[in-house]
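Trainee: Before I ask anything, let me first share the structure, which is written out below as structure tokens.
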Amino acid sequence: MNIDIITLFPEILQSPFSVSILKKAIKSKIVSISFHDLREYGIKKQKQVDDYPFGGGSGMVLMIEPIDKCISSLKKKRKYDDIIYLTPDGEKLNQKISNDFSIKKNIIILCGHYKGVDHRVRDHLVTREISIGDFVLSGGELAAAVFCDSIIRLIPGVLGDESSALNDSFQDKLLAPEIYTRPSNYKNWNVPNELLSGNKSLIEEWRENNSINRTKKLRPDLF
Ligand code: ADE
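This is the structure we're talking about:
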């Protein structure tokens with residue numbers, strides 16, 4: 101998978117991709133991530149990328165021209181499955197959307213900043229709009245990191261044990277079961293006996309029931 105991220109602040113995005121699972125996915129060439137600094141496509145001598153909103157009001161708006169120039173230059177190199185704009189008023193991200201994106205080949209992610217982008221970007225250049233939740237971040241960069249992490253870990257070969265992504269919470273509309281490790285008794289806080297039994301079918305049955313009960317209690321809306 102190839103992901104091109106357009107941002108005014110590429111430095112925000114450096115660390116999430118330089119450790120752990122995302123680093124490994126990049127190193128093993130399962131995924132390639134490129135950052136494109138929007139400033140380089142800015143207009144006039146001062147490389148302007150934003151301007152005041154028509155009609156007045158607070159905050160600056162990212163202009164269409166630098167974004168169009170950047171997207172057009174990327175499109176010359178490859179065909180994209182989707183051009184995604186991260187915005188709090190987009191479609192709310194969930195596991196199904198992440199699953200769908202994990203099988204795409206080439207995507208562009210556009211990070212907004214300040215008040216947002218000129219709406220013509222959304223009407224004419226972008227093909228999908230995604231929100232990571234009902235709250236407002238200062239820009240799309242942290243949302244891009246969350247979005248990329250959620251899709252990259254689903255690409256076969258990224259997680260050591262391929263089945264571990266299948267057992268994640270939400271994959272089958274249930275929360276994942278509780279997990280424990282050594283010691284089995286800590287300050288008299290004990291691990292459920294079933295998990296210590298060594299009996300595979302008993303463990304599976306316990307996990308299934310635990311998943312169902314946790315979901316009923318914590319996220320009844322998922323049923
Ligand atoms: N940009 C700012 N807030 C955001 C959010 N909640 N989701 C996606 N992009 C955003």
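Just so we're aligned: the sequence shown equals residues 101 to 323 in this note's numbering. Note that beta-carbon positions come from the ideal geometry of N, C-alpha and C, so glycine has one too. Because the structure is a prediction, the values reported are computed rather than measured.
1) Could you tell me which whole beta strand (DSSP E) segments of length 3 or greater appear in the segment 108–152?
2) Roughly how many angstroms separate the alpha carbons of residue 209 and residue 163, rounded to a whole number?
3) Where residue 112 and residue 214 are concerned, what is the direct C-alpha to C-alpha distance, given to the nearest angstrom?
4) By DSSP's criteria, residue 104 is part of a beta bridge. Which residues make up the other side?
5) Where does residue 329 sit, in a helix, a strand or coil, going by DSSP?
6) Work out the CA separation of residue 271 and residue 153 for me, nearest whole Å.
7) Thinking C-alpha only, which one of 194, 130, 168 is nearest residue 233?
8) Helix, strand or coil, according to DSSP, for residue 277 in the structure here?
9) Where the beta carbon is closer than 6 Å to any heavy atom of the ligand ADE, which residues qualify, in chain order?
10) Excluding five sequence neighbours on each side, which residues of the same chain lie with their C-beta closer than 8 Å to the C-beta of residue 306?
11) What's the gap between the Cα of residue 103 and the Cα of residue 217?
12) For residue 321 and residue 140, what's the separation of their Cα atoms in angstroms?
13) For residue 132, is the classification buried or exposed, using 16 other Cβ atoms within 10 angstroms of its Cβ as the cut-off for buried?
14) Three-state secondary structure (DSSP) at residue 285?
15) What would DSSP say about residue 227, mapped onto helix, strand or coil?
16) Between 273, 310, 145, 290, which has its C-alpha nearest residue 281's C-alpha?
Mentor: In short, the structure shows the following:
1) 132–137
2) Using only the alpha carbons, I get a separation of about 16 Å.
3) 15 Å
4) 134, 208
5) No statement about residue 329 is possible, as the shown extent of the chain runs from 101 to 323 and does not include it.
6) 42 Å
7) 194
8) In this structure, residue 277 counts as coil in the three-state DSSP scheme.
9) With 6 Å as the limit, the residues whose C-beta approaches any heavy atom of the ligand ADE more closely are 186, 187, 188, 212, 231, 232, 233, 235, 236, 237, 240, 243, in sequence along the chain.
10) 277, 292, 294, 295
11) 20 Å
12) Pairing residue 321 with residue 140, the inter-Cα distance amounts to about 45 Å.
13) exposed
14) strand
15) coil
16) 290
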